[in-house]
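Its first residue numbered 9, the sequence shown is counted upward by one per residue in this note's numbering. Where a beta carbon is used, it is the ideal one built from N, C-alpha and C, also for glycine. As the structure is a computational prediction, the values presented were derived from the model and not from experiment.
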Amino acid sequence: MFVATAQDRNEQVYPIVFGYGDSKNNLSWEWFLECLRGALGYIDDLIFISDRHAIIKAEIFKVFIYATRTICCWYFYENMKKRFHIKDIADIMDKVARTYREFDYNRDIEELRKLHKAAFDYVIVVGPHKWSRVHCLQKRYMVMTTNVVECINACLKFAQQLPMMTLVEFIRNILQKRERNLDFTSLCVDYYKRKTFIDAYSVPIMHVGHPSSWVVPSDIAAWVVLNPKLKRQSGHPMEGQHASSSSESTTT
């Protein structure tokens with residue numbers, strides 16, 4: 009079974025395309041990705057996140073020649089733990105991969121280099137642009153793993169044993185149920201809702217009026233507010249620099 013999912017702006021799972029093939033070979037992956045391309049159209053900043061399977065990589069670049077492919081960080085960390093047997097390697101790599109600033113990335117990757125030089129060399133050879141957010145060629149946002157796909161697989165774990173047409177009907181029912189239960193007002197923040205707009209004008213707004221109509225208490229009217237005392241800097245003023253009105257009216 010082939011699944012392509014994404015996340016919407018509210019970080020909700022958004023299924024895009026489902027496919028069913030005889031096996032996960034080159035032809036099946038090419039067919040599935042061509043169906044995905046037909047559903048998506050052209051997206052200039054499209055990013056794929058998958059494991060490091062060679063067939064997936066080859067077929068993505070064959071069908072989506074303009075797309076950027078990155079790898080699932082969770083699988084990447086698991087492979088590193090099996091390869092180098094380093095305690096807390098996943099925590100260190102997750103901190104390195106998720107940072108937004110290159111300064112923080114350099115600091116954290118240096119920690120890995122000091123801990124295990126071979127592991128450091130390995131991640132550099134793999135390519136930071138494939139697993140590091142700060143070095144990604146496109147905007148990866150918060151999506152660092154293929155967990156959204158695993159959510160779909162968990163929902164369809166039992167259904168995948170059903171006959172083909174029954175499985176398709178099961179998937180259709182799940183998607184329609186999601187749309188029926190979706191409260192579209194939850195996709196909008198409270199600031200833009202009708203109730204908030206009405207509440208903002210529920211309190212009377214008093215017109216200020218002309219200063220001649222103001223009723224000012226005598227103790228307040230007796231106050232004298234002067235401009236702040238400013239000391240002119242020594243030397244000639246810079247070319248094009250004009251004295252402010254407050255400095256012109258100040259006497260020293």
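Residue j beta carbon less than 9 Å from that of residue i
i      : j      : result
Asp112 : Val142 : yes
Thr153 : Trp37  : no
Lys32  : Phe56  : no
Ile160 : Thr13  : yes
Ile79  : Arg60  : yes
Tyr130 : Arg91  : yes
Thr76  : Gln146 : yes
Val25  : Val156 : no
Ile63  : Asn34  : yes
Ala116 : Lys125 : Here the sequence assigns Asp to residue 116, which means Ala is not the residue at that position. Contact: no.
Val134 : Phe84  : yes
Arg45  : Val71  : yes
Cys196 : Ile182 : no
Range covered by the beta strand (DSSP E) that runs through residue i
i      : result
Ala230 : Element bounds for Ala230: n/a, residue is neither H nor E.
Ile24  : Val21 to Gly27
Residues bridged to residue i (per DSSP)
i     : result
Thr78 : Ile57
Gln15 : Val21
Phe10 : Gly27
The alpha helix (DSSP H) enclosing residue i, as first and last residue numbers
i      : result
Phe128 : Lys125 to Val134
Asp99  : Ile97 to Arg106
Phe40  : Asn34 to Leu48
Asp204 : Here residue 204 is Thr; the residue named in the question, Asp, does not match the sequence. Taken as a continuous stretch (DSSP letters only), the alpha helix (DSSP H) holding Thr204 covers Arg202 to Ala208.
Ala66  : Ala62 to Val71
Ile160 : Asn155 to Cys163
Please determine if the stretch 167-180 and the stretch 128-141 are in contact, where contact requires at least 3 C-beta pairs separated by less than 8 Å. no
Meets three-Cβ-pair contact criterion under 8 Å: the stretch 27-43 and the stretch 54-70: yes
May I ask you to verify whether the stretch 117-126 touches the stretch 84-100, counting CB pairs closer than 8 Å and requiring at least 3? yes
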